[in-house]
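Below: the structure, in structure tokens.
Protein chains: 2
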Amino acid sequence: MEGPFNIAEYRERIQQVQQRMDRAGMEALLVADPANMNYLAGYDGWSFYVPQMVIVVESDPEPYWIGRPQDANGARLTTWLSSDHIRSYPEAYIQSADHHPMEVVATLLRELRLDRRPIGLELDAYYFTAAAYLALQRLLPAAAWRDASLLVNWVRSVKSPAELTLMREAAAIAQYAMETALAVIEPGVQEADAAAQIFRAEIEGVEGLPGDYPAIVPLMPSMERTTASHLTWVDRIYQVGDVVNLELAGCRHRYHAPLARTLYLGTPPDDYRRLADIVLTGVDAALQAVRPGAVCEEVEAAWRRCLAASGYEKASRLGYAVGIGYPPDWGEHTMSLRAGDRTLLRPGMTFHLIAGMWIEPRGLEISETVAVTETGVEVLTHFTRDLLTKTDFPTGRSA
Amino acid sequence: MEGPFNIAEYRERIQQVQQRMDRAGMEALLVADPANMNYLAGYDGWSFYVPQMVIVVESDPEPYWIGRPQDANGARLTTWLSSDHIRSYPEAYIQSADHHPMEVVATLLRELRLDRRPIGLELDAYYFTAAAYLALQRLLPAAAWRDASLLVNWVRSVKSPAELTLMREAAAIAQYAMETALAVIEPGVQEADAAAQIFRAEIEGVEGLPGDYPAIVPLMPSMERTTASHLTWVDRIYQVGDVVNLELAGCRHRYHAPLARTLYLGTPPDDYRRLADIVLTGVDAALQAVRPGAVCEEVEAAWRRCLAASGYEKASRLGYAVGIGYPPDWGEHTMSLRAGDRTLLRPGMTFHLIAGMWIEPRGLEISETVAVTETGVEVLTHFTRDLLTKTDFPTGRSA
Numbered sequence: 055m056e057g058p059f060n061i062a063e064y065r066e067r068i069q070q071v072q073q074r075m076d077r078a079g080m081e082a083l084l085v086a087d088p089a090n091m092n093y094l095a096g097y098d099g100w101s102f103y104v105p106q107m108v109i110v111v112e113s114d115p116e117p118y119w120i121g122r123p124q125d126a127n128g129a130r131l132t133t134w135l136s137s138d139h140i141r142s143y144p145e146a147y148i149q150s151a152d153h154h155p156m157e158v159v160a161t162l163l164r165e166l167r168l169d170r171r172p173i174g175l176e177l178d179a180y181y182f183t184a185a186a187y188l189a190l191q192r193l194l195p196a197a198a199w200r201d202a203s204l205l206v207n208w209v210r211s212v213k214s215p216a217e218l219t220l221m222r223e224a225a226a227i228a229q230y231a232m233e234t235a236l237a238v239i240e241p242g243v244q245e246a247d248a249a250a251q252i253f254r255a256e257i258e259g260v261e262g263l264p265g266d267y268p269a270i271v272p273l274m275p276s277m278e279r280t281t282a283s284h285l286t287w288v289d290r291i292y293q294v295g296d297v298v299n300l301e302l303a304g305c306r307h308r309y310h311a312p313l314a315r316t317l318y319l320g321t322p323p324d325d326y327r328r329l330a331d332i333v334l335t336g337v338d339a340a341l342q343a344v345r346p347g348a349v350c351e352e353v354e355a356a357w358r359r360c361l362a363a364s365g366y367e368k369a370s371r372l373g374y375a376v377g378i379g380y381p382p383d384w385g386e387h388t389m390s391l392r393a394g395d396r397t398l399l400r401p402g403m404t405f406h407l408i409a410g411m412w413i414e415p416r417g418l419e420i421s422e423t424v425a426v427t428e429t430g431v432e433v434l435t436h437f438t439r440d441l442l443t444k445t446d447f448p449t450g451r452s453a
Numbered sequence: 055m056e057g058p059f060n061i062a063e064y065r066e067r068i069q070q071v072q073q074r075m076d077r078a079g080m081e082a083l084l085v086a087d088p089a090n091m092n093y094l095a096g097y098d099g100w101s102f103y104v105p106q107m108v109i110v111v112e113s114d115p116e117p118y119w120i121g122r123p124q125d126a127n128g129a130r131l132t133t134w135l136s137s138d139h140i141r142s143y144p145e146a147y148i149q150s151a152d153h154h155p156m157e158v159v160a161t162l163l164r165e166l167r168l169d170r171r172p173i174g175l176e177l178d179a180y181y182f183t184a185a186a187y188l189a190l191q192r193l194l195p196a197a198a199w200r201d202a203s204l205l206v207n208w209v210r211s212v213k214s215p216a217e218l219t220l221m222r223e224a225a226a227i228a229q230y231a232m233e234t235a236l237a238v239i240e241p242g243v244q245e246a247d248a249a250a251q252i253f254r255a256e257i258e259g260v261e262g263l264p265g266d267y268p269a270i271v272p273l274m275p276s277m278e279r280t281t282a283s284h285l286t287w288v289d290r291i292y293q294v295g296d297v298v299n300l301e302l303a304g305c306r307h308r309y310h311a312p313l314a315r316t317l318y319l320g321t322p323p324d325d326y327r328r329l330a331d332i333v334l335t336g337v338d339a340a341l342q343a344v345r346p347g348a349v350c351e352e353v354e355a356a357w358r359r360c361l362a363a364s365g366y367e368k369a370s371r372l373g374y375a376v377g378i379g380y381p382p383d384w385g386e387h388t389m390s391l392r393a394g395d396r397t398l399l400r401p402g403m404t405f406h407l408i409a410g411m412w413i414e415p416r417g418l419e420i421s422e423t424v425a426v427t428e429t430g431v432e433v434l435t436h437f438t439r440d441l442l443t444k445t446d447f448p449t450g451r452s453a
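Heads up: the protein sequence lines correspond to chains A and B, in order.
55 is the number of the first residue of the first sequence in the numbering used here; add one for each residue after it.
55 is the number of the first residue of the second sequence in the numbering used here; add one for each residue after it.
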């Protein structure tokens, strides 16, 4: 087995999942979210574009992996599972009108005499399509289906020391990627050339810590595109006066540390500088509110108060749980830093705290990846927390 | 509107979809696949990690876009839609236990008096989860749901001249990325450093043609990992005698040209060289079978015969339709080059023809992106079609 964890840590994760299954009255759990599959089995491959699953059974300390034949070798190489717990469906079932890969899931559940028992499903997981759900209902008509959405995600919400180490390493890569962005973006440079260097830095990593691919590509809208949050580069050359929102991440063994900053090419106008100062004050207030025993919404409230005092508001949440991720998301979908989320903060929880103002005429973003500690907060990402500016340009392009 | 197509081309696409809807008796079509959303509306943003849709209505030449408020600006910037056809759901509906973004879809369908009519759903589309399906069923109990899986994908299967131009441009980028891989991979180099340079090349693109992010990261398993098809780089240094399978792509405005080759660091042993020759002969035979009027399975049969003559077989398909893609896939999920697929080849259809032998002890891959022409085949990708080898290494590491 490759990978950064020992088997004891995987077994502990399985036990925690089984305890939650037991409380929810589930005897089997079908795990389709690739991040959860990685968390429980160690599986790591870009094969989530075809049906695949990890199946946790109440009475078995070892889960099953089910996927495509050409990926089963990948399961043997990347998971801690014994070979009798690695199954595959016939290649011909792929994108077939006559068969569905869930047939093999059904066969296994019958073999384990679980086909008439309560079975958990991740109904809202990426890559668990409505068609797969309907196929399971058809194939196992006597099963008692339970919604197990986020069951594994909640186990993931508190990180172990080994997981926090990987996130600190990812943060070092994020810092290098942001330094690269700041170095390369200037008037006269193609947006795609800047994106190329940011990608290079994310994957190259830093000394002794090669990068894994982040679950989201560098988001880097410029100018009026900064009013939207999820746009990538376009065929365009940076100019003096440009605003560029940069949201990127470092990734180590699928663990992420996202980091966002805004870069202004030139001297920002007063009202934009003022917006930046308000956001920075709000982020400081939010960080000071992070401590064990506080609840998620208190962190957002601290930020909201600062903003309101200056006449601003932000409808979208201030952050979310972060950790393992595969495209399309590095968020864990459990806690959000927003009004109404009363989840208690516990040591080891990790968040991407992102103050994103996607407003007219120019947006602005400042974010940090943080961990709750025994006494307060550890900011994992390290980069000048300010509106970034560049005014010293190549000949003929001074601001 | 940004983007590479004029509005007339989008309108023509909508008409083709409406014709298929009409034949299938659907009065509305809910499009969740981000590639289909891009194809019909031009929408381009990394926002598919939250619910979003394009809705085509039988009687309206213009579709609707529905998504998150912070992405609606992205829809205004990237689509050809008028602002009254761009809708958003409240931010609080994101990952909420009390509300679902499909409520806004239901509201629109009621407003259009379509809530009791036959409505098509992409039941097997990525990002259309079982939970979203169940929410729609609950919200619109009187609707007559129809499975519209692949309806739009089939319209996409024949490319226009403008689309083929983008795929040729993408192929030029794929060539540059493969040249980069060949230049950088050698004994003593970190796998991640090679991956970083391949990423850089994919995004940097070639003169005047900046790259977009491919839907799949560079797949580049080495050594025993070449027996699996979807593994990425690991914390490892290349050595003399390594085999590296390289599957990468160029991408222009979401259109892909994938390209795969295997690189051997040193002089390949005779049996491996022989395997490469068999694969190359098989690929030649398959390419010669591509012509309008042939059916998909004939292309695979030509390959299969060559392989069988040498005692090999390959269970997985020889290729698939390719074009627009977002993570996790650049495949279109319509035609496959495999036994049983009787789809007629038509000019403008495009395939990733991939001869992937994921076998013990070392795998091997050779692929091309091809288009069916009026008379035969155009191979869009251009790179020495052979087992790549390197024997001239830095001092002290000669093979």
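Where a beta carbon is used, it is the ideal one built from N, C-alpha and C, also for glycine.
This structure is a prediction, so every number in the text was calculated from the model and none was measured.
For chain A, find out if any of its Cβ atoms is closer than 7 Å to the Cβ of residue i; answer yes or no.
{"i": "Ala340/B", "result": "no"}
{"i": "Phe59/B", "result": "no"}
{"i": "Asp247/B", "result": "yes"}
Applying the criterion that 16 or more other CB atoms from any shown protein chain within 10 Å of the CB defines a buried residue, is residue i buried or exposed?
{"i": "Arg400/A", "result": "exposed"}
{"i": "Ile140/A", "result": "buried"}
{"i": "Pro2/B", "result": "No statement about residue 2/B is possible, as the shown extent of chain B runs from 55 to 453 and does not include it."}
{"i": "Arg396/A", "result": "exposed"}
{"i": "Val215/B", "result": "Note that residue 215/B is Pro in the sequence shown, not Val. Classification for Pro215/B: exposed."}
{"i": "Ala356/A", "result": "buried"}
{"i": "Leu398/B", "result": "exposed"}
{"i": "Thr435/B", "result": "buried"}
{"i": "Asn90/A", "result": "buried"}
Report yes if the CB atom of residue i is closer than 7 Å to the CB atom of residue j, and no otherwise.
{"i": "Gly417/A", "j": "Thr280/A", "result": "yes"}
{"i": "Leu94/B", "j": "Val104/B", "result": "no"}
{"i": "Val238/B", "j": "Gln251/B", "result": "yes"}
{"i": "Gly385/A", "j": "Tyr374/A", "result": "yes"}
{"i": "Arg254/B", "j": "Arg254/A", "result": "yes"}
{"i": "Glu233/A", "j": "Asp247/B", "result": "no"}
{"i": "Ile378/A", "j": "Asn127/A", "result": "no"}
{"i": "Tyr309/A", "j": "Met221/A", "result": "yes"}
{"i": "Glu256/A", "j": "Ala231/A", "result": "yes"}
{"i": "Ala160/A", "j": "Leu188/A", "result": "no"}
{"i": "Pro241/B", "j": "Leu317/B", "result": "no"}
{"i": "Leu407/B", "j": "Arg315/B", "result": "no"}
{"i": "Tyr267/B", "j": "Val71/A", "result": "no"}
List, in order along the chain, the chain B residues whose C-beta lies closer than 9 Å to that of residue i?
{"i": "Ile173/A", "result": "Ordered by position in chain B, no residue passes the 9 Å Cβ test against Ile173/A, which lies about 13 Å from the chain."}
{"i": "Gly128/A", "result": "Pro275, Arg279, Thr281, Ala282, Ser283, His284 and Leu285"}
Name the chain B residues whose beta carbon is nearer than 7 Å to that of residue i?
{"i": "Val206/A", "result": "Residues of chain B passing the Cβ test: none, with the nearest at roughly 16 Å."}
{"i": "Ser390/A", "result": "Gln149"}
Mind checking whether the beta-carbon of residue i lies closer than 6 Å to any heavy atom of the ligand PLP?
{"i": "Gly394/A", "result": "By its list of ligands, the structure shown contains no ligand whatsoever, and the ligand PLP lies outside what it can speak to."}
Could you tell me whether any Cβ in chain B is nearer than 7 Å to the Cβ of residue i?
{"i": "Trp357/A", "result": "no"}
{"i": "Phe182/A", "result": "yes"}
{"i": "Ala282/A", "result": "yes"}
{"i": "Ser101/A", "result": "yes"}
{"i": "Ser113/A", "result": "no"}
{"i": "Leu372/A", "result": "no"}
{"i": "Ala225/A", "result": "no"}
{"i": "Trp412/A", "result": "yes"}
Applying a beta-carbon distance threshold of less than 7 Å, which residues of chain A neighbour residue i?
{"i": "Ile257/B", "result": "Ala246, Ala249, Ala250 and Phe253"}
{"i": "Arg141/B", "result": "The premise fails here: Arg141/B is roughly 15 Å from chain A at the closest Cβ pair, so nothing lies under 7 Å."}
{"i": "Val271/B", "result": "Trp100 and Tyr267"}
{"i": "Asp138/B", "result": "Near Asp138/B there are no residues of chain A at all, since even the closest Cβ is about 19 Å away, more than 7 Å."}
{"i": "Glu419/B", "result": "Those do not exist, as Glu419/B stays about 11 Å from chain A at its closest Cβ, beyond 7 Å."}
Quick one: list the residues of chain A neighbouring residue i, beta-carbon separation under 9 Å, in chain order.
{"i": "Gly265/B", "result": "Ala246, Ala249 and Ala250"}
**Asked** Hey, which unbroken runs of the alpha helix (DSSP H) at 4 residues or more fall wholly within the region 84 to 171 of chain B?
**Response** 88 to 95, 123 to 132 and 156 to 165
**Request:** Write down every uninterrupted run of the beta strand (DSSP E) in the region 279 to 339 of chain B whose length is 3 residues or greater and which is fully enclosed by it, in chain order.
**Result:** 297 to 306 and 309 to 319
**Message:** I'd like the ranges of any beta strand (DSSP E) spanning at least 3 consecutive residues and lying wholly in the region 382 to 407 of chain A.
**Reply:** DSSP runs (the beta strand (DSSP E)) wholly in the region 382 to 407 of chain A: 383 to 390.
**Prompt:** Residue ranges of each alpha helix (DSSP H) run of no fewer than 4 residues wholly in the region 180 to 216 of chain A, ordered along the chain?
**Reply:** 184 to 193 and 205 to 210
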